[in-house]
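Worksheet: one structure, shown below.
There are 2 protein chains.
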Amino acid sequence: MGNNPVDRKELILDTALKLFTKNGFFNTSVHDIQKDAMVSIGSIYHHFGNKEAIAKSLFHHIESDITGIIESIMVNHETAHDRCRAVIAKFFEITEHNPDQMNFLLYAKHREFMPDQQPLCSSRPFSLMSQIVDEGMERGEIRRMDPLVAAVAVFGGAIRLIFLELDGVLENPLRSYLHECWQCAWRSVTG
Amino acid sequence: MGNNPVDRKELILDTALKLFTKNGFFNTSVHDIQKDAMVSIGSIYHHFGNKEAIAKSLFHHIESDITGIIESIMVNHETAHDRCRAVIAKFFEITEHNPDQMNFLLYAKHREFMPDQQPLCSSRPFSLMSQIVDEGMERGEIRRMDPLVAAVAVFGGAIRLIFLELDGVLENPLRSYLHECWQCAWRSVTG
DNA sequence: GTCTATACCTGGATAGAC
DNA sequence: GTCTATCCAGGTATAGAC
């Protein structure tokens, strides 16, 4: 998913991501992708078989990118406090530098165009985030409560802010809200 | 939007809401609505003109319902504490009793099928919720911080939980999480 | 692997009788 | 206001040459 696609397949994926997030999956025809990527229809169907498969491939690429990022955060940080903060900071960063990726991951209604897809919250990145919170509770960093509630309390506000950014309604850069947002998040589950 | 529609128009709206939330706007054809509601195509087009107008009408109905609910909460409760808690409690209640309504309001990507629609966060219910938080900050109930951050901190976790409920991944009834969820929310912006 | 041309059909919308 | 029959654009997907 680099910015400088070498082969046709990557070019098609990059173009599809751009158009899907801009206009939505259903408002984007294969012809649109074909024209924008300056590739033939035949080429697209050769590589992906059908339109849904483009979205699937996109989703799995992004999901595995994000999973890798979270895993590396888990390796490099010890405490739930540092891990959660790092995850939110990284999500903010991706949202600002690569909004299409975040948009497609978080915002798209995947099940509408990939019927066999699990809900997003069951995906690997989200289960890792829950796991981080669970471990923090076991370690005594986070006060005892329902683990699910703790997870949504820690990440809910940040995710909301990401949506606002993707909707283009934030006055200031997303990152400028990080400090206060994190203070609220952490305060909500401690003490 | 009653459960016992009298005229054709309401029947069409109820059916459309059901199908839109179940299968998505783009996976629902006017023919589907027609069959499910046992009404003719002509009747649908007579009342609404086109498919998008059905969604628009639906959205405005729901938006104004929710707006009314929040306004009445603002009348009946004095403090930001009580108001915010009541809003979340009510949202949970609606989600459980009328999931389609909440689904369509919160979850649908409106701008994909209603291009001239403002983003949801700019809608009346959401601006009222922000206003409640703002006033709470002026009154000194909520500690000084960016008003936007305060709003997402108060409501972010609850909204996340609602999404989880709508995705059908909660083990227990949504309302059983209310108490802890609210504790986190309020703690995040006070003290 | 890539292309063009085209088949096929779904689905939004209209016409016009009642 | 409601219905049936029909139109037709646009979109997915395929065929088959290169």
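Chains A and B, in that order, are what the protein sequence lines are.
What the first sequence shows, in the numbering used here, is residues 136 to 326, in sequence order.
What the second sequence shows, in the numbering used here, is residues 136 to 326, in sequence order.
Here a beta-carbon is modelled for each residue, glycine too, at the ideal position from N, C-alpha and C.
Per DSSP, reduced to three states, the secondary structure at D302/B is coil, with no helix or strand assignment.
Around L309/B, the same chain offers F227, T230, E231, L296, I297 and E300 as residues with beta carbons nearer than 8 Å, after the five sequence neighbours per side are excluded.
If you draw a 10 Å sphere on the C-beta of G291/A, you find 16 or more other C-beta atoms in it, and that means buried.
Listed in chain order, the non-local C-beta contacts of T156/A below 6 Å within the same chain comprise D235, N238 and F239, local neighbours out to five positions each way being set aside. By the Cβ rule, the segment 191-209 of chain A counts as touching the segment 252-264 of chain A, because three or more pairs are nearer than 8 Å.
Cβ atoms of F248/A and E247/B stay farther apart than 8 Å, at about 11 Å. The continuous stretches of alpha helix (DSSP H) do not include R279/B, and DSSP gives it neither H nor E. Our two residues, H166/A and H212/B, have alpha carbons roughly 55 Å apart in a direct line. For A288/B, the nearest CB of chain A lies under 8 Å from its own CB, placing it at the interface with that chain. If you look at F183/B, you'll find it in the alpha helix (DSSP H) that goes I176 to F183.
For a cut-off of 8 Å, the C-beta gap from S192/A to L148/A is around 6 Å, short enough to register as a contact. Excluding the 5 residues flanking it on each side, G271/B has same chain C-beta neighbours closer than 6 Å at A215 and I277, in chain order. Annotation: N185/A to I267/A spans about 37 Å, alpha carbon to alpha carbon. Only residues of its own chain outside the window of five on either side were considered, and among them P282, L283 and A286 have a CB closer than 8 Å to the CB of S265/A, listed in chain order.
The beta carbon of Q252/A lies closer than 7 Å to those of H245 and R246 in the same chain, with the five residues before and after it left out. Runs of the alpha helix (DSSP H) lying entirely within the segment 184-243 of chain A, each at least 4 residues long, are 186-211, 215-232 and 234-237 in chain order.
Not one beta carbon of chain A lies nearer than 8 Å to the beta carbon of N238/B. The beta carbons of C319/B and V324/A sit closer together than 8 Å.
The shortest CA-to-CA distance from S311/B to any of A293/B, D302/B, W321/B and R322/B is the one to A293/B. In the three-state scheme derived from DSSP, where H, G and I count as helix and E and B as strand, Q253/B is classed as coil.
Each residue's CA atom was taken as its position, placing Y180/B and K170/B some 14 Å apart.
L313/A has its alpha-carbon roughly 14 Å from the corresponding atom of R218/A. Under a 10 Å Cβ-count criterion, V289/A is classified as buried, with 16 or more other Cβ atoms of the shown protein chains found around its own Cβ. Between the beta-carbon of K225/A and that of I208/A there is about 7 Å, and that keeps the pair under the 8 Å contact cut. At a cut-off of 8 Å between beta carbons, V222/A makes no contact with chain B.
For L241/A, the CB contacts under 8 Å within the same chain, skipping 5 residues up- and downstream, are L255, I294, I297, F298 and L301 in chain order. Sorting R220/B, G303/B and D142/B by C-alpha distance to the C-alpha of W317/B places R220/B at the top. One Cα belongs to I205/A, the other to F194/B, and the distance between them is close to 37 Å. Between S164/B and R322/B, the alpha-carbon positions lie close to 46 Å from each other. Of L154/A, K144/A and I168/A, the smallest CA-CA separation from F183/A is found for K144/A. Per DSSP, the unbroken alpha helix (DSSP H) holding P260/A starts and ends at R259 to E273. Looking from the CA of P250/B, the closest CA among D142/B, L154/B and E187/B belongs to E187/B. Between A151/B and I189/B, the C-beta spacing is below 8 Å. For R279/A, no CB of chain B lies under 8 Å from its own CB, so it is not counted at the interface with that chain. Residues of the segment 296-318 of chain A with a Cβ closer than 7 Å to any Cβ of chain B, in chain order: L296, L299, D302, V304, Y312, E315 and C316. Chain-ordered, the chain B residues with CB closer than 7 Å to the CB of S257/A read V304.
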